[in-house]
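Per full-length UniProt numbering, the sequence shown starts with residue 1, numbered consecutively. Ideal placement from N, C-alpha and C gives every residue a C-beta, glycine not left out. Since the model is a prediction, treat every value here as computed from it, not as a measurement. Input: a single structure, listed below in structure tokens.
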Amino acid sequence: MAAFTEFLQGIDHEAHRERTEQIFNWITDKYPQLETEIKWNQPMFTDHGTFIIGFSVSKKHLAVAPEHMALQHVEADIKQAGYDYTKEIIRIPWNREVDYELLAKIIDFNIWDKANCTTFWRK
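Given below as structure tokens:
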């Protein structure tokens with residue numbers, strides 16, 4: 001998680017910073033094999049050099065970026081959680097609970113689906 005220290009320190013709102021750190025710690029604990037890195041000013045988790053999940057923060061929400069295919073895979077779960085989403089990101093409002101089961105489904109799918117992937121992004 002040392003890779004995320006500067007990013008987390010840059011989140012001005014204390015509650016947003018704490019929630020983001022809590023999510024990162026949860027991922028690190030549940031998926032210790034994933035690497036942490038910052039690319040394009042965004043914290044992300046990778047596996048054998050391939051992208052698994054990334055995040056960004058805004059005033060109103062935490063954005064989760066899992067790649068389009070993973071988002072499609074869990075679209076019904078996103079709707080059930082009541083989160084807003086686009087083709088590429090899921091928005092978790094700061095005033096809503098984090099659906100960790102949804103995050104696990106996304107991460108599990110990407111680890112499985114990209115097990116033999118040799119590129120950072122899906123082709």
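Subject >> I106 versus I52: straight-line alpha-carbon distance, rounded >> reply: Residue mapping note: residue 106 aligns to position 106 of the sequence shown, counting from 1. Residue mapping note: residue 52 aligns to position 52 of the sequence shown, counting from 1. Cα-Cα distance, rounded: 8 Å.
**OP:** Apply the 10 Å Cβ neighbour rule to G54 and answer buried if 16 or more other Cβ atoms are within range, or exposed otherwise.
**Re:** Numbered from 1 along the sequence shown, position 54 holds the residue referred to as residue 54. Burial call: buried.
Subject >> Backbone secondary structure at H16 - three-state DSSP >> reply: If you number the sequence shown from 1, residue 16 lands on position 16. Three-state result, H16: helix.
**OP:** Write down every uninterrupted run of the alpha helix (DSSP H) in the UniProt domain "YdhG-like" (16-111) whose length is 4 residues or greater and which is fully enclosed by it, in chain order.
**Re:** 68-73 and 75-81
Original post:
Counting pairs of Cβ atoms below 8 Å between the segment 31-39 and the segment 56-64, do you hit three or more?
Top reply: no
Original post:
With a cut-off of 8 Å, do at least 3 Cβ pairs link the segment 85-94 to the segment 43-51?
Top reply: no
**OP:** Can you give me the Cβ contacts of E21 inside the same chain, cut-off strictly under 7 Å, excluding the 5 residues immediately before and after it?
**Re:** As a working mapping, residue 21 is identified with position 21 in the sequence shown. Only L8 meet the Cβ criterion.
**OP:** Alpha carbon to alpha carbon, how far is H48 from R19? Give it in angstroms, no decimals.
**Re:** Numbered from 1 along the sequence shown, position 19 holds the residue referred to as residue 19. Numbered from 1 along the sequence shown, position 48 holds the residue referred to as residue 48. Answer to the nearest angstrom: the Cα atoms are 27 Å apart.
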